[in-house]
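Structure record follows, encoded as structure tokens.
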Amino acid sequence: MRLLPHPATENIELTEVLRALSDPVRLEIVARLAVAGEMTCTVAGDDLGVHKSTASHHYRMLREAGVVLTKQVGRLKYMSLRRDDLDRRFPGLLDSVLNSVLGVGRP
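Those letters in the sequence shown? Residues 8 to 114, by the numbering used here.
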């Protein structure tokens, strides 16, 4: 297993998180991860209506903003929300965003 580069908790910036969450496709990915937990990038990208390269761009934006943690196991990449890190840095932010999208905070 190999973790892809992502910011340390103390380096997650609000402006970058909000920028990452401002795109409808990335918001959909975050909503899927909130419901399902850890997912492969392939599964998370199913039926998003974007090309594979565009989905990869969105995954990178979410990872570099500190919204998701991505690890590589063999040829597969797994993503999960950095919920605890985001709650530590910006209490209630993720729950507010998810509530507006899904109608719920923590599933």
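Glycine included, each C-beta is placed from N, C-alpha and C at the ideal position.
Buried or exposed by the 16-neighbour rule on C-beta atoms within 10 Å, applied to residue i
i, result
"aspartate 53", "exposed"
"alanine 62", "buried"
DSSP three-state assignment for residue i, whether helix, strand or coil
i, result
"lysine 46", "Residue identity check: residue 46 is methionine in the sequence provided, not lysine. If DSSP states are grouped into helix, strand and coil, methionine 46 belongs with the strands."
"arginine 9", "strand"
"valine 75", "strand"
Cutoff 6 Å; reference residue i; Cβ partners in own chain excluding five residues on either side
i, result
"glutamine 79", "Arg9"
"glutamate 23", "Ala72"
"leucine 83", "Thr47"
Sheet register partners of residue i (DSSP bridge)
i, result
"lysine 59", "Looking at the DSSP assignment, lysine 59 forms no beta bridge with any residue, so it has no partner."
"leucine 83", "Val80"
"leucine 34", "Leucine 34 pairs with nothing; no bridge assigned."
Beta-carbon proximity check, residue i vs residue j, cutoff 8 Å
i, j, result
"valine 37", "leucine 25", "no"
Sequence-distant residues of its chain with Cβ nearer than 7 Å to residue i (five each side left out)
i, result
"leucine 55", "Val32, Glu35 and Ala62"
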